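Under my numbering, read the sequence shown as residues 207 to 381, first letter to last. This report refers to the structure that appears directly beneath it.
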Amino acid sequence: MSRQLYGTIGAALLCLVSLSGVPQTTAPASANAVAKSLGLIIYPAKGQTAEQQSTDEQQCYDWAKTQTGIDPQAPPPPPAEPTESEGAGGQRVKGAARGAAAGAVIGEVADNDADEGAKVGAAAGVVAGGRKSRQEKRATEEQAKAQTQASQAQRQETFKKAMGTCLQGRGYTTG
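Below is the structure:
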């Protein structure tokens, strides 16, 4: 037999299987995956078939997306850029000024040389100011991350509530 004949026989068999009413296995609908990822448990309380449930889940997913403006499959919105009340070197400049003032006093008392004490103090103040700036930046970044996570959790909860409401209206029990 030729390759063309084998291809024709294979195509004919596929047509027969699809026409015979034998259920075909398909990939789960995206709404089913979203419902599971949100932790939404759905029970067909009125005996709905798996096919009907899949259709209802997809329609409720679309409805919830429209009503809330939230798409759980889309990436979360980018976090807001933190606003800084000072320039990038603000902490270093402040540290230098504090260090210079303290160094001048110490230099005057110790060596009777306020200028040299101010220079040493300013250098130490720059280092201390830089350390403080990095600590504040790290704390700000951690706070922004926590806020982003809380916001994302709230968005998912809102979407889950909307999708659950739709499914309950269609005769499903959700939890």
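For each residue, glycine too, the CB sits at the ideal point set by N, CA and C. Small disclaimer: the values here were computed from a predicted structure and weren't measured.
Residue i: buried (16+ other C-beta within 10 angstroms of its C-beta) or exposed?
i	result
Ser243	exposed
Glu257	exposed
Gly227	Unreliable placement is indicated for Gly227, whose pLDDT of 46 sits below 50; no coordinate value is reported for it.
Glu347	exposed
Give the secondary structure of residue i by DSSP, where H, G and I count as helix, E and B as strand, and everything else as coil.
i	result
Gly213	Note that Gly213 has pLDDT 47, beneath the 50 cutoff, so the model's placement of it is unreliable and no number is given.
Tyr378	coil
Ile312	helix
Thr231	With a pLDDT of only 37 at Thr231, under the threshold of 50, the placement of this residue in the model should not be trusted, and no figure is reported.
Ala280	coil
Do residue i and residue j have their CB atoms nearer than 8 Å?
i	j	result
Thr364	Leu373	no
Ala368	Thr255	no
Gly370	Leu246	yes
Pro278	Val240	yes
Lys300	Gly335	yes
DSSP has residue i in a bridge; who is on the other side?
i	result
Ile248	Thr380
Given 8 Å, three or more beta-carbon pairs between the segment 251-260 and the segment 343-357: By the criterion of at least three beta-carbon pairs nearer than 8 Å, the segment 251-260 is not in contact with the segment 343-357.
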